[in-house]
Amino acid sequence: MFSVSSLRIICSSRRVLHSHWVMTNRLSIPKAVTCSVHCVSTSFYKVIWPSNMYFRALLDKERGLFNYTKQAILSRCCYSSQVKLNCWNCKQLLDKTPAFFCNSCNIIQPPEEGTSYFKIMDCDYTFTLDTQKLQTRYLQLQRSLHPDNFSQKSVKEREFSESQSALVNKAYRTLLKPLSRGLYMLELEGLRLEEGTDSGADSDFLMELMEINEALDEAQTPEEANKIGQDAKGKLADLTEQIDVALRKGELHAAKTLLAKMKYHANIEEKVKEKLSGFM
Ligand SMILES: [Zn+2]
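Each residue of the sequence shown is one higher than the one before, counting from 1 in my numbering.
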């Protein structure tokens, strides 16, 4: 079992500074983290999970287990944070993370650097998140943070409202669509989908895409284009399920390949929309 200070290292970006220690203890980490979910107050964990520089070196199986436990932690500590902040105005301790307003003086707070979009939008760290809940949260936050509400306030408050409102917009847009949501989740894990490359796409897949694109170019009626659009929708739904499974298992490279495919099919869906507007 790890000590509390060791758990803090495992669960924070400080593990980067303790890479040797982390690698030495790597086999016990998933167990310790699982146990700590149940045994230790979640206030030790920062909800934004830093890039897995060292965890990429772990075996897939270990990493899968680690990711599973990480998701468990993330979903359990929506309102807790390792670092407690104080209100910039009245200096009272802020009661939650992120705190958009101070509970004592009710004044707007600046955005907290590095807070994950999932936490900002109060959503579970999962690929299949509840978009209805996301939408409700978005409207609720924008109602209270919108710069129009602060036109009579101090310069500082106006600035905070602008930056908070922009951040909420960005978090909402990123989490709304499965593609951007998946890419963001990969980014949190330290993986990026390179722009303009066919990362992970096999030749059969590229051939299939070429055929779809040709069929779309040659479509003469809205019905023909619609049919291609429906096929793309079906493929996107299948991919969404597969990506969810891969991410839950911590199979990040598999998720990355699937997200690359999703990007192509989402692109076809967009092209279908353009084609349909051409028929009008
Ligand atoms: Zn205050």
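The beta-carbon is built from N, C-alpha and C at its ideal position, and this holds for glycine as well.
Next item on the list: Pair every Cβ in the stretch 134-145 with every Cβ in the stretch 156-169, then say whether three or more of these pairs are closer than 8 angstroms.
Entry: At 8 angstroms Cβ cutoff, the stretches touch.
Next item on the list: Note down, in chain order, each residue of its chain lying with its Cβ closer than 7 angstroms to the Cβ of K275, except the 5 sequence neighbours on either side.
Entry: The residues are L216, A219, A225.
Checklist line | Closer than 8 angstroms: C102 CB and nearest ligand 1 heavy atom | finding: Yes, since a heavy atom of ligand 1 falls inside the 8 angstroms radius drawn around the Cβ of C102.
Next item on the list: May I ask whether a heavy atom of ligand 1 can be found less than 8 angstroms away from the beta carbon of I268?
Entry: No, the beta carbon of I268 sits no closer than 8 angstroms to any heavy atom of ligand 1.
Notebook entry, point to check: Excluding the five sequence neighbours on either side, which residues of its own chain have a C-beta within less than 8 angstroms of the C-beta of S144, listed in chain order?
Noted result: Cβ neighbours of S144 beyond the five flanking positions: F100, F101.
Next item on the list: Look at N86 and L94 and say whether their C-beta atoms are less than 9 angstroms apart.
Entry: Between N86 and L94, the gap from beta carbon to beta carbon is short of 9 angstroms.
Check: In terms of residue numbering, what span does the alpha helix (DSSP H) encompassing M280 cover?
Finding: Per DSSP, M280 belongs to no alpha helix (DSSP H) and is neither H nor E.
Item checked: Burial state of F279 (16 or more Cβ within 10 Å) -> Counting every other CB atom within 10 Å of its CB across the protein chains shown gives F279 a total below 16, marking it as exposed.
Item checked: Assumed close pair L259, L209 - CB separation to whole angstroms, cut-off 8 angstroms -> About 15 angstroms; that fails the 8 angstroms criterion.
Check: Tell me which same chain residues have a C-beta within less than 7 angstroms of the C-beta of K133, skipping the five on either side of it?
Finding: Same-chain partners within the cutoff: C123.
Next item on the list: Can you tell me which of W88, G250, F118 puts its alpha carbon nearest to the alpha carbon of T176?
Entry: Sequence check: residue 176 is Leu here, not Thr. Nearest C-alpha to L176: F118.
Check: Using DSSP with H/G/I as helix, E/B as strand and the rest coil, what is N86?
Finding: Strand at N86.
Note to self: Is it buried or exposed, K91, if we count other Cβ atoms within 10 angstroms and call 16 or more buried?
What the structure shows: Per the 10 Å Cβ criterion, exposed.
Item checked: Beta bridge counterpart(s) of T101 as assigned by DSSP -> With the sequence shown as reference, residue 101 is identified as Phe, and Thr is not the correct amino acid for it. I108.
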